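Engineer: Per my numbering, the very first residue in the sequence shown carries number -18; after that it's consecutive. Glycine included, C-beta positions come from ideal geometry on N, C-alpha and C. Here the structure is a predicted model, which is why all the values come from computation and not from measurement.
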Amino acid sequence: MSIHKFAPPASLGDRLNDYSKLLMVHFKSKSFTIAVGIATHSIFPLLRWLQQRKIDKGETIWLEDMPGPPQSQAFPHLSFQPADLTPNAGLLRRRARHMKVDYPATDYPFAYRKTPLSGNVINGLGEEAARQPDHVFFGDSYKRAWGKLDWYFQVMEPTSIHRQIAQIFWQDGGRVGIVARRNTAPPDPSDAALLIKEAARRFGASLAGITKMDASFCYRDSSPDFQYAISVAWPMDREEMLHTPSQRSNREIMDAYRQVNRVAIKLANFIRSLGHPAQASTNLAPGSSTEVLHVPIAIEAGLGQLGKHGSLITAEFGSNVRLATVLTDLPLAIDQPRDLGVDDLCRNCRICETNCPPHAIFSEKQTVRGQKRWYVNFDKCAPYFAETRGCGICIEVCPWSEPGKGMELTKTLLGRRHPVTGSE
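#1: If you reduce the DSSP assignment to three classes, tell me which class Leu106 lands in.
#2: Buried or exposed, going by whether 16 or more other CB atoms sit within 10 Å of the CB of Pro338?
#3: With C-beta atoms as the reference, is Met217 less than 9 Å away from Gln208?
#4: According to DSSP, simplified to helix, strand and coil, what is Asp(-5)?
#5: Under 9 Å between the Cβ atoms of Asn69 and Asn358?
#6: Less than 9 Å between the C-beta atoms of Leu223 and His79, yes or no?
#7: Pick out whichever of Ser262, Pro384, Asp325 has its Cα sitting closest to the Cα of Gly299.
#8: Under a Cβ-count criterion, where at least 16 other Cβ atoms within 10 Å of its own Cβ denotes burial, should Tyr0 be classed as buried or exposed?
#9: With a CB to CB cut of under 7 Å and the five nearest residues on each side skipped, what residues in its chain are close to Asn(-2)?
#10: Hey, would you say Ala305 sits closer than 9 Å to Val244, going by beta carbons?
#11: Scan the segment 204 to 276 and note each continuous alpha helix (DSSP H) run of 4 residues or more that stays entirely inside, going in chain order.
#12: By DSSP, does Phe366 sit in helix, in strand, or in coil?
#13: With C-beta atoms as the reference, is Ser212 less than 9 Å away from Gly190?
#14: For Gly387, collect the residues of the same chain with a Cβ closer than 8 Å to its Cβ; drop the 5 residues on either side in sequence, then sort them by chain order.
#15: From Ile19 to Ala367, what does the alpha carbon distance come to, in whole angstroms?
#16: Between Val136 and Leu28, which are expected to be in contact by the criterion C-beta below 8 Å, what is the C-beta distance as a whole number of angstroms?
#17: Can you find the residues in the same chain that come closer than 7 Å, C-beta to C-beta, to Arg(-4), ignoring five residues on each side of it along the sequence?
#18: Within the same chain, show all residues whose beta-carbon is closer than 7 Å to that of Gly291, passing over the 5 residues directly before and after it, in chain order.
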């Protein structure tokens, strides 16, 4: 999974070799960031102007014709089933009163000349056997089946968002580093876990949990190089997010990514200072954002449960959080998944379903890679997400995301399941 796993050096030669590798990591990271910074003020504005000109003329943007990397349909292990990007129709539609902006229409100015492989097939919808997930969107390669839509999404982002992304790329070089020669970590895994969680909160994490690393947390053809995964969460500003989907909410999302990445990077550096390998697996930056799946790790680490809208729900902040992960070999006591009563509410609640403009949210759990779970129709969601530059309607209309309500919901829902009888 990672070619930058540094171990405690056994000799001066090992130390020099580690510094040489680290120097190359930083060189690649900074060089790429500089290239992105240049493109932000030159290539991207030009491409955005060209596409907007077509939109203003009422012309269709054929995604395959956009200047950029070529697209490949390379998924030889999957049976081809064309994607259906048409929004679901004929369903109840609503707009939550507390949301601050009108929902953009589902009329897309873009289309594929050749329909790509369904993202639901790539994700394993309907598959009875367990397997690792495949890359489908974001952060891996614009050459994949949905790469052209991803490229359109990136190109059409405003310059201010590209600047924020460049800042995230710049800090990402610190996610790996040299391991201290002396082991100063507490020998007891419980004490070590307590120390790590305290450090995570000191660095700014609002939530932190620990689980054993598992191959299911990694994409296909990769395996966990580390034994433990530490999940950290950063809450987003609720008032800003009520303006989703808009540039205002997108700026808040980017800032939350930067902040949670910073926490993970600091925590990984702290663990390395204790004499143990550690690496921050962050968001958006090439390589780092395709190493692990943050949501399954957060669930197993006890941060929350999966909601009907396909995102993590925490008792403390609902789905109004962003996640990052720290991978390490430091022996740690692990946390257990938490039952917040999410399924009890999601089974009967339709708020996210009816507020989703393309109606991409299934009303029932689906079988995905051998597991019955909540799932969002990728083929319906991704086009709207790309056109709005990052939709977050479902997580903000969710009752759990209302400040102060999550703990109350958990208490009520679990209380119904286990009612108190008799008198004291």
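Structural biologist: In this structure, then:
#1: strand
#2: buried
#3: no
#4: helix
#5: yes
#6: yes
#7: Pro384
#8: exposed
#9: none
#10: yes
#11: 219 to 222, 228 to 254
#12: helix
#13: yes
#14: Ile294, Thr295, Ala296, Glu297, Phe298, Gly299, Leu321, Trp381
#15: 23 Å
#16: 5 Å
#17: Pro(-10)
#18: Trp355, Tyr356, Val357
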